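Peer 1: Mind looking over this structure? Questions follow.
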Amino acid sequence: MPKTLLAGLTIVSLCVVAQRAEAQFTYRAPEDTIGYAPGSAITHVTHFQIWQSDGGSPIDSEGFSMSCTFDVDWLSVEDVEYGPEFDAWTPDFFATAALANGWTCGVVYWFLGVPPSGLDWPDFTEPGDAITITYSVDADAPFLATGDDATANLIWASIGSPSVANVVVAGGDNLAADLVDGSLTFTRQVDYIRGDMNTDGQLDIADVFTAEDYLFLGGETPSCLAALDVNSDLTIDIADIIRLLSYLFLGDAPPAEPFASCGHDPTDGPRIDCLEYQVCP
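My numbering applies: residue 1429 is where the sequence shown begins, and numbers increase by one.
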């Protein structure tokens, strides 16, 4: 069947139930941990991945659809966008729905059935961030009042009306994807001062000795490991010691936030734990 005809059929095929064949693609939901400060609004941006899982040559897919729900009543979908995988070009058709219990999308790469000059079919032989979702937590979510941890499971399931299937369209066929569920775990952040490695409320040479003792001399694990990650790269190593020394004695860049006063890590995504930091209220 010519690709021009296949493109015309793609939109219809995105909303029908896939005939189950051996899966050649995998959809993976994120497994994210999000720190939160009680009393603060929580918004989290994350990516859903797609990749060709059969290990063969690239498959020329014409489009795909995704449908993902969650199992809590305090989470909302704020936005559905195509992800970094499509930064270089814009699909001809991109339809989304943010629902009360999840989200759906349908993507057709090119209506003419062939890539425009200078472009090629998407190559999903490596995992690609195909869809970007912005979630928010309702202000009255119970865990915000108690300071507890809470988890929302992200579950691939056909939702919407009409329901949307989790399929990739290639050669006019719906290829049902292998589905890897994920989760969003929200955990209360402890306020701290980055760089205050010995948790005495000051940044000085004593903090450097605390880090050296932990990293190289088998010293005890500090109660706030996040304070040791001076450059906020999610790794505690010699680079953090150099960054702090350069700030203290050479006037170079200060530690990343939270710095100078008590606060929580402002970055969105994984964080190093801070279990206890008694200097901050």
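In this text, a Cβ means the ideal position worked out from N, Cα and C, and glycines have one as well. None of these values were measured; they are calculated from a predicted model.
Tell me where the alpha helix (DSSP H) around L1672 begins and ends.
Peer 2: Where L1672 is concerned, the enclosing alpha helix (DSSP H) stretches over I1666 to L1678.
Peer 1: Go through its chain and collect everything with a Cβ distance to V1596's Cβ below 7 Å, but skip five positions before and after it.
Peer 2: F1453, S1489, F1492, L1603 and A1605
Peer 1: Taking only the alpha-carbon atoms, compute the straight-line gap between P1709 and I1621 and give it to the nearest angstrom.
Peer 2: 12 Å
Peer 1: Give the DSSP-derived three-state secondary structure of D1460 in the structure shown.
Peer 2: For D1460, the three-state secondary structure derived from DSSP is strand.
Peer 1: Taking Cβ positions, are S1495 and I1559 nearer each other than 8 Å?
Peer 2: no
Peer 1: With respect to the beta strand (DSSP E) encompassing F1476, which residues constitute its N-terminal and C-terminal limits?
Peer 2: T1471 to Q1480
Peer 1: Where D1680 and F1687 are concerned, what is the direct C-alpha to C-alpha distance, given to the nearest angstrom?
Peer 2: 14 Å
Peer 1: Put I1621 into one of helix, strand or coil per three-state DSSP.
Peer 2: DSSP, read as helix, strand or coil, puts I1621 in coil.
Peer 1: Label Q1477 either buried or exposed according to how many other C-beta atoms from any shown protein chain fall within 10 Å of its C-beta, with 16 as the threshold for buried.
Peer 2: buried
Peer 1: Can you tell me where the beta strand (DSSP E) holding E1509 begins and where it ends?
Peer 2: L1503 to Y1510
Peer 1: Which stretch, first to last residue, makes up the beta strand (DSSP E) that contains I1559?
Peer 2: G1556 to V1565
Peer 1: Can you look up T1574 in the DSSP assignment and give me helix, strand or coil?
Peer 2: helix
Peer 1: Going by the CB atoms, is the gap between L1547 and W1502 shorter than 8 Å?
Peer 2: No; because the gap between Cβ atoms is not below 8 Å, this pair is not in contact.
Peer 1: Which stretch, first to last residue, makes up the alpha helix (DSSP H) that contains E1640?
Peer 2: I1633 to F1644
Peer 1: Quick one: residues in its chain with C-beta nearer than 6 Å to the C-beta of A1578, no 5 flanking neighbours on either side, listed in chain order?
Peer 2: F1571 and F1614
Peer 1: Smallest Cα separation from Y1455: which of A1634, I1583 and Y1642?
Peer 2: I1583
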